[in-house]
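Using the working numbering, read the sequence shown as starting at 1046 and increasing by one per residue.
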Amino acid sequence: MKFKSLTFDAKKTLKGKFKPSTAAEKAFQKALKKVARVSGHIVEAHVDGVKIKNSAQMKKALEDYSKLIEPWARRQSAKLLEQVQKSNKRAYTQKSKAIGVALETNVAESDVGAIAYTLMNEQVALIKSIPLEAGERAQQIAFNAALEGTRAAPNEDTIAELQKQLGLSTEVATSRAQLIAITETARANASINQARAMKVGSSQYRWHNSGDEAVRESHKYYHGRKMQGQIFSWDKPPTLSDGMTGHPGTFPRCRCFAEPVFDDE
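This is how it looks when you write it as structure tokens:
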């Protein structure tokens, strides 16, 4: 399969259309932050200074909450994946018009559906992990505080810092929820995009990053050349300068995305 060049015509490319859905990401973040807040409140209700009043009781409350939210988590994941699929399908429709070739995107729906099902199960597990991780973090901090207290001359500053950390349970859980939402939206977009691309005849893609100062160095340059616009094969994800291997959008907090390339471009 031959391609004209590693560069691209900005007037013809529809790079922005293949970005993860901003609306989907925001909605997913909002939903997951609710879980984080409840998880943090459960932890804080069982905390007294740097001690956990009843560790077993706190653990059970968090485990019960994790189980309780499973049906809700499945609905939130389904909403995210539906929005991502619709956004991605629209991008292919516009790409088809731009290159003047009819891309039979409907034939890819079974492949996309299978990918979405796998993603949903993984996302539900991640959402359910938010309260469990909050509990594990609290127990570790309380343990460290107890260990410090057994010393002949405990460091009061250290204990005060541990108490502060324990009081930030809601904030830390919220940060974790935000990371999951950002990463999973991009990963869903990347996985669905690849499944549809390969099914309709694309074997390669152009790498696009966000183009701002927050782009990590390994996503900005590849073997000494600018990463933006470089073409890679779907079946051979690049290994970046930081040692990580993958397609755009498959890394934590990655805002890069792939624009499928076809013979007719």
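C-beta atoms are modelled at their ideal positions from N, C-alpha and C, and glycine is treated no differently.
Item checked: Where D1156 sits in the DSSP three-state scheme -> Note: D1156 maps to helix in three-state DSSP.
Notebook entry, point to check: Hey, would you say V1129 sits closer than 8 Å to I1237, going by beta carbons?
Noted result: Yes, the pair counts as a contact, with Cβ atoms nearer than the cut-off.
Note to self: Relative to the C-alpha of G1246, which candidate in E1167, I1225, F1307 and L1113 has its C-alpha closest?
What the structure shows: In terms of CA proximity to G1246, F1307 leads the group E1167, I1225, F1307 and L1113.
Item checked: Residue range of the alpha helix (DSSP H) that includes S1278 -> According to the DSSP assignment, S1278 belongs to no alpha helix (DSSP H) but to the beta strand (DSSP E) extending over I1276 to S1278.
Note to self: Could you give the first and the last residue of the continuous alpha helix (DSSP H) run that contains R1135?
What the structure shows: Start and end: E1115 to I1144.
Checklist line | Through-space distance from R1261 to P1305, alpha-carbon basis | finding: For P1305 and R1261, the distance between alpha carbons rounds to 22 Å.
Margin query: Considering only their Cβ atoms, is the gap separating A1076 from Q1139 smaller than 8 Å?
Written below: In this structure, A1076 does not lie closer than 8 Å to Q1139 by Cβ.
Next item on the list: Return the Cβ separation of E1115 and K1173 in integer angstroms, given the expectation that the two are a contact with Cβ distance under 8 Å.
Entry: Contact holds; Cβ gap of about 6 Å.
Margin query: Can you confirm whether G1194, when its beta carbon is compared against all beta carbons of chain D, has any partner nearer than 8 Å?
Written below: Absent from the structure: chain D. Only one protein chain is present.
Note to self: Runs of 4 residues minimum, wholly inside the segment 1209-1268: which ones carry the alpha helix (DSSP H) assignment?
What the structure shows: For the segment 1209-1268, whole alpha helix (DSSP H) runs of length 4 or above, ordered along the chain, are 1214-1244.
Notebook entry, point to check: Across which residues does DSSP place D1093 in a beta bridge pair?
Noted result: In the DSSP secondary-structure assignment, D1093 is bridged to K1096.
Item checked: Coarse secondary structure for H1292, derived from DSSP in three states -> Of the three classes helix, strand and coil, the one that applies to H1292 here is coil, per DSSP.
Next item on the list: Mind reading off the beta-carbon distance from T1290 to P1283? Whole number of angstroms is fine, and I expect it under 8 Å.
Entry: By a beta-carbon distance limit of 8 Å, T1290 contacts P1283. Their separation comes to about 7 Å.
Margin query: Closest to R1221 by C-alpha separation, out of Q1102, R1082, A1190 and N1200, would be which residue?
Written below: The candidate whose alpha carbon is nearest that of R1221 is R1082.
Notebook entry, point to check: From N1166, T1195 and I1225, pick the residue whose C-alpha is nearest to that of A1123; which is it?
Noted result: If you compare the alpha carbons of N1166, T1195 and I1225 with that of A1123, the shortest gap goes to N1166.
Next item on the list: List the DSSP bridge partners of E1304.
Entry: DSSP lists R1251 as the beta-bridge partner residues of E1304.
Check: By a C-beta neighbour count over all protein chains shown, 10 Å radius and 16 as the cutoff for buried, is Y1162 buried or exposed?
Finding: With fewer than 16 Cβ atoms within 10 Å of its Cβ, Y1162 is classed as exposed.
Next item on the list: Express the C-alpha separation of A1106 and R1119 in angstroms, rounding to a whole number.
Entry: Roughly 21 Å between the two C-alpha positions.
Item checked: Helix, strand or coil at K1056 according to DSSP, with G and I counted as helix -> Any reading at K1056 is ruled out, since the residue's pLDDT is 40, under 50, leaving its predicted position unreliable.
Item checked: Contacts around A1147, its chain only, beta-carbon distance under 7 Å, and the 5 residues preceding and following it disregarded -> Around A1147: S1141.
Notebook entry, point to check: From A1231 to S1278, what does the alpha carbon distance come to, in whole angstroms?
Noted result: A1231 and S1278 have their alpha carbons spaced roughly 19 Å apart.
Next item on the list: Could you round the C-beta distance between A1183 and I1276 to whole angstroms and report it? I think they count as a contact, below 8 Å.
Entry: That belief does not hold up - the Cβ atoms of A1183 and I1276 are roughly 48 Å apart, past 8 Å.
Check: By the 10 Å Cβ neighbour count, where 16 or more other Cβ atoms means buried, how is L1164 classified, buried or exposed?
Finding: With 16 or more Cβ atoms within 10 Å of its Cβ, L1164 is classed as buried.
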